[in-house]
Each structure stands twice: as C-alpha cells, then as structure tokens.
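For the record, the sequence lines run as chains A and B.
Position 120, counted from 1, in the first sequence is what the working numbering calls 120; the numbers after and before it change by one each time, with no gaps.
Numbers in the working numbering are just positions in the second sequence, counted from 1, shifted up by 1000.
Every residue gets a Cβ at the ideal spot worked out from N, C-alpha and C, and that includes glycine.
Computed from a prediction, not measured in an experiment: that's the story for all the values here.
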Amino acid sequence: MEMLHADGIRKTFGNLEVLRGVSLTANKGDVISLIGGSGSGKSTFLRCLNCLEHPTGGEIRVDGEAIAFKPDGHGNREPVSKAQMRRIRARLAMVFQSFNLWNHMTLLENVIEAPVHVLGVDRKQAVDEGLRLLERVGLYDKRDVYPAFLSGGQQQRGAIARALAVQPLAMLFDEPTSALDPELVGEVLRVIRELAEEGRTMILVTHEMSFARDVSNQVLFLHGGLVEEAGPPAEVFGNPKSERLARFLGSFH
Amino acid sequence: MIWSPAAGSIALLTTGGWGSAMLVGLARSLTIALGAFGLGLLIGIAGALGKLSGGAVTRQALDLYTTIVRSVPELVLILVVYFAGADLINGVLTALGQAKIDFNGAIAGIVVLGVVQGAYSTEVIRGAILSVPRGQIEAAQAYGMSSWLALRRITLPAMLPFALPGLSNLWLIAMKDTALLAVLGFGELTQVTRQAAGTTKAYFTFFFAAGCMYLLATMISNLLSRRLEARATRGTAHV
Ligand SMILES: Nc1ncnc2c1ncn2[C@@H]1O[C@H](COP(=O)(O)OP(=O)(O)OP(=O)(O)O)[C@@H](O)[C@H]1O
Ligand SMILES: [Mg+2]
C-alpha cells in the first residue's frame, strides 16, 4: 500500500538548482535510505516531502492525497491550502539532526504537544500514550525533565517518541545521529532499528552506511540533485554501478 | 530632640488626610503603570512580529515608530501623544456626531504611556524572538502547527526567558514614568505629593514619603520578577 509518493521533485533557491527531479515511492513498511555527499540535496528533498520547503516542481502524494500547489508570485510554488498542508504535515513526523525538542517543555509535554494541540486528542489519553512511548524509548523516568538536562542520545530518543505520538503515516529522519557523540549513536540506532522491524514506513537520510544497509529495503544515492543510483541495499552497497557511488562508498572505509 | 521632626512628619502624614491621599495616588500610579505595561506588551508583540515578518511598509512604519519614541524625550512624547491623541479622537467623535470625551481618566494615562512602552517592548521582544533557536519553530511547523498556534505554544513561551530581564526593566520604567503624567494632572502619586507638599510646606516629608513608596514598589517588583524569571528559565540548564 502506497504511503508516500514523490514524483519529479525539483527545488531551486534563487539561481541554485538543488533538486532536479527526484522521485520516490514508499509503500507501507518500507525503509528507504537516502545517501549522498554533502550538498547533494538530501535534506532539501526530505524537507520538501513535508513542505518545510515548497518544491518548485513535482508532485507529492501522502496516503493517496496529492498536495495542491499554486504559483507564489516569486517564481516558486506554495500550497493552495495551508490547512491541507498542515494536516498532511502532522502525519509525516520529522526527526531532526539537532533534535529540536521544545526547550520550555518537559519531555512528556513535548510528546503530547502535537497530539493535544494539533490533532485534538483528549489530554488524558495523550498522556497515557505519551508515557507508553517514553517507556518504549527508555525515557519513562525522564518524563518530567526538560530537554536541556538530557544527553543528546536521550533528547533524540525523546524526539522519536514525539514523532511516534502523532501516529505517523511515515517518519522522516534527517541524519538523526550526526549530532551525537559516538558513544550515544548506538542507543538511537537501536530504537530506529526496532521501528523498522515493526514495519514502520520511514525515509532516512544518513551517513551510517552499515546501518542503512541493515535496515533499509531501498537505498537512493543522490548526487547533484538527481538520483544517481537506486535499488535494494545489497546491490547499491555490494555492487555499485556508477563510478561516483563506488567512490562515495569507498570514502567510508 | 532628634525624634521631634520625625514625629512631626508622621503626624503630618497620618492626620489631615494627606497620607491616605498619597496612597490613593500610589494606587492610581500602579494602575496606570500596569495598564501601560500591558498595552506596551501587546504593542510589543505585534510590533516585533511586524518587524520580523511583516511587509516592507509595515517594517518601515514600525522602524519610524520605535526610532521616534526612542529619540524624543519621554515628557515631550507624553504631551504630544496626549494632546494630539485627544484632538484626534475628539475630532473623530465630533465628525461622527458624538459628544467629546474628557481625557483625564486613567485610560488616557495608560494609552499615552503604553504607546511609549510599546516601542521599547517591540525591541525587547524582537531580540528575544531572534534568540529562540530556529529549529524550535521549525519543529512546530513540521508537526502541523498553524502560525498562530506556533506563536502561542512555542515562540512566545520560548522567547520569554530572553525577554524577561528587559521586560522587568520596562516595568520599572513604566512605574517611574507615571510621575511624568503629573504635568497633565492624572491624580497619580507625584501630583498628589506636590499638592500635599505645597499646601503644608513640608516638602521634604512628602517627597521623601513618595520616594519610599516608589522604592517599595520597585523592591516588590524585583522580588516578583525574579520569581517569574526562575519559572521561565526552568528549562534552561544552568551550567
Ligand atoms: N534555504 C536555502 N537557501 C539557499 N540554499 C540552500 C538552502 N537550503 C539548502 N541550500 C543549498 O542546497 C544544497 C543542498 O543542501 P542540502 O542541505 O539539501 O544538502 P545535504 O545533501 O543534506 O547535505 P549534508 O549532507 O551536508 O546535510 C546546498 O548547496 C545548500 O547550500
Ligand atoms: Mg543535510
């Protein structure tokens, strides 16, 4: 079942053409990794998927519903209906490189914020669910702690709980472990791996090649705003066809 | 005979009704200050948002407003806003066939001082909003919040720790600036004090008492704002 579909996504910033037609289809349970060098457009593509950036061209469909765009009068496009965009966004939970937990809220408050105030879930029900999710990422005892008092790994696990709380159709991860000290990477990857194994639909931008190889069923190698190579991880990692991908993978050894 | 002037002063304050008149004046000063501070806060939030995300015209108008208020002496501003504002509103009322309003009420004082406070609040809040990490607001958007919801739930509470020191300061200024309204006769503390002193010729006694009242109000304010700051910075690691 198709959850998320992006077709020919293009994005320009001024004169800079960052994405030149990137497509992707995520069916339910797919884990798709985006890899590629710095500046290849991975983050921009991910941010286009939930309209944090408005794509200059191309189509996005979430759970069968296309996001409608119109010209914004500055050479770009904007969503026709902000309400539609927000409704769709709320179900594409994003996990950021720098966590971006809300600093003025405790961990539990962070987790229930979107369910209560965006989705209109009953507060008590949201708290019960939030506590269950914090338990699951191993942070139940930190529920009343403010993010600034947590380690990076704990903050990122909390951010994952916040993402799970909106019962996302798909989860978008933008280098979730890049800002972490090496010894904290493992605890976060463990949580993401569990989510992959339980059949969550996920798009994952990462520089953790062996992890991408383990958890994904599809890998896209981006270069210069285009998908240079795509396929199952065994092929992309085991038998790269393009010279550039081979060199890129070589740089990790 | 050190005690006799002191005793005389206390007698002056407690008999003849001047002491209680000053307390009424103090209450009036505090009311006006509180109203002006609140109005300034509203103007400040709107002004900061206008400066940060308004169109070119909005931004220029707001720049003009904050520049003028910050460069013209407060007393002059208060007179200008008061008389120009009264003329403007009464002009409109006359045009609409309504009766003119007498502008000696607390409301006029609040509006006049509030307009001044608003300019400073705008700058304080603008700076505080800029101090909020961009990712906080981006996360709000990513989770489907509307601009209004993100403002109410994320931006404003997140900027509070950065704004509170400046805002506490503005509150103290609001309280002291009510004294400038004495020239317009709002019945606030300084004006009452002047009357009391002029009538009894006990200048030192009454102005000293008024000074003590302002000082006390400031000290209580400091206590409260420290508590508020502690509360707002709960989420900040003190390391
Ligand atoms: N808001 C923006 N305005 C202008 N240029 C931008 C903007 N966002 C991204 N870019 C440019 O787009 C290009 C792609 O950026 P992007 O962040 O998508 O790369 P990336 O693949 O995620 O790289 P990294 O691995 O370093 O995170 C870069 O050249 C970047 O400078
Ligand atoms: Mg990136």
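Buried or exposed (CB count within 10 angstroms, at least 16 for buried), residue i
i, result
"Gln167 (chain A)", "exposed"
"Thr1015 (chain B)", "exposed"
"Thr1066 (chain B)", "buried"
"Ala126 (chain A)", "buried"
"Pro71 (chain A)", "exposed"
"Gln1191 (chain B)", "buried"
"Phe1208 (chain B)", "exposed"
"Ala1182 (chain B)", "buried"
"Gln1141 (chain B)", "buried"
"Gly73 (chain A)", "exposed"
"Asp181 (chain A)", "exposed"
"Met1001 (chain B)", "Residue placement at Met1001 (chain B) is flagged as unreliable, the pLDDT there being 43, under the threshold of 50; a coordinate-derived value is accordingly withheld."
"Ile9 (chain A)", "buried"
"Asn239 (chain A)", "exposed"
"Ile1011 (chain B)", "Position check: residue 1011 (chain B) holds Ala in this sequence, whereas Ile was assumed. Burial call: exposed."
"Glu1041 (chain B)", "Position check: residue 1041 (chain B) holds Leu in this sequence, whereas Glu was assumed. Its Cβ being crowded by 16 or more others within 10 Å, Leu1041 (chain B) is buried."
"Gln1098 (chain B)", "exposed"
"Gln1060 (chain B)", "exposed"
"Arg1134 (chain B)", "exposed"
"Ser178 (chain A)", "exposed"
Interface flag, residue i vs chain A, CB-CB below 8 Å
i, result
"Gly1187 (chain B)", "no"
"Ala1158 (chain B)", "yes"
"Glu1229 (chain B)", "no"
"Gly1235 (chain B)", "yes"
"Arg1153 (chain B)", "yes"
"Ala1128 (chain B)", "no"
"Gly1135 (chain B)", "yes"
"Tyr1143 (chain B)", "yes"
"Ala1163 (chain B)", "no"
"Glu1138 (chain B)", "yes"
"Leu1149 (chain B)", "yes"
"Met1001 (chain B)", "Low per-residue confidence applies at Met1001 (chain B): pLDDT is 43, beneath 50, and the placement is therefore not dependable enough to give any value."
Minimum Cβ-Cβ distance from residue i to chain B less than 8 Å
i, result
"Leu52 (chain A)", "yes"
"Phe96 (chain A)", "yes"
"His223 (chain A)", "no"
"Glu113 (chain A)", "yes"
"Pro147 (chain A)", "yes"
"Ala66 (chain A)", "no"
"Val121 (chain A)", "no"
"Arg89 (chain A)", "yes"
"His104 (chain A)", "yes"
"Val227 (chain A)", "no"
"Asn76 (chain A)", "no"
"Asn217 (chain A)", "no"
"Val205 (chain A)", "no"
"Asn27 (chain A)", "no"
"Val62 (chain A)", "no"
"Val137 (chain A)", "no"
"Val118 (chain A)", "yes"
"Asn100 (chain A)", "yes"
"Val166 (chain A)", "yes"
Whole-angstrom C-beta distance between residue j and residue i, which should lie under 8 Å
i, j, result
"Leu1026 (chain B)", "Leu1189 (chain B)", "5 Å"
"Leu1164 (chain B)", "Ala1217 (chain B)", "About 18 Å separates the two Cβ atoms, so there is no contact after all."
"Val1072 (chain B)", "Val1112 (chain B)", "About 13 Å; that fails the 8 Å criterion."
"Gly1047 (chain B)", "Gly1118 (chain B)", "6 Å"
"Asn110 (chain A)", "Leu119 (chain A)", "Their Cβ separation, rounded to whole angstroms, is 15 Å, which puts Asn110 (chain A) and Leu119 (chain A) out of contact at 8 Å."
"Gly1035 (chain B)", "Ala1106 (chain B)", "7 Å"
"Phe1186 (chain B)", "Ala1197 (chain B)", "About 17 Å; that fails the 8 Å criterion."
"Tyr1143 (chain B)", "Ala90 (chain A)", "6 Å"
Chain D contact residues for residue i, given Cβ-Cβ distances below 8 Å
i, result
"Ser1146 (chain B)", "Absent from the structure: chain D. Protein chains present are A and B."
Contact test: residue i Cβ vs ligand 4 heavy atom, cutoff 7 Å
i, result
"Val205 (chain A)", "This structure does not include ligand 4; its bound ligands are ligand 1 and ligand 2."
Quick test of the definition: if touching needs 3 or more C-beta pairs under 8 Å, does the stretch 1187 to 1204 of chain B touch the stretch 1142 to 1149 of chain B? no
Listed in chain order, which residues are found with a beta carbon closer than 5 Å to a heavy atom of ligand 1? A:Phe13, A:Val18, A:Ser38, A:Gly39, A:Ser40, A:Gly41, A:Lys42, A:Ser43, A:Thr44
Is the stretch 135 to 142 of chain A touching the stretch 151 to 168 of chain A, taking contact as three or more C-beta pairs under 8 Å? yes
Would you be able to state if there are at least three C-beta pairs under 8 Å between the stretch 86 to 96 of chain A and the stretch 43 to 56 of chain A? yes
Is the stretch 196 to 205 of chain A close to the stretch 113 to 129 of chain A, with three or more CB pairs under 8 Å? no
The stretch 210 to 219 of chain A touching the stretch 78 to 90 of chain A, judged by at least three CB pairs closer than 8 Å: no
Tell me, please, whether the stretch 16 to 24 of chain A touches the stretch 222 to 233 of chain A by the rule of three or more beta-carbon pairs shorter than 8 Å. yes
Any contact between the stretch 1121 to 1131 of chain B and the stretch 81 to 91 of chain A? By contact I mean 3 or more CB pairs, one from each, below 8 Å. no
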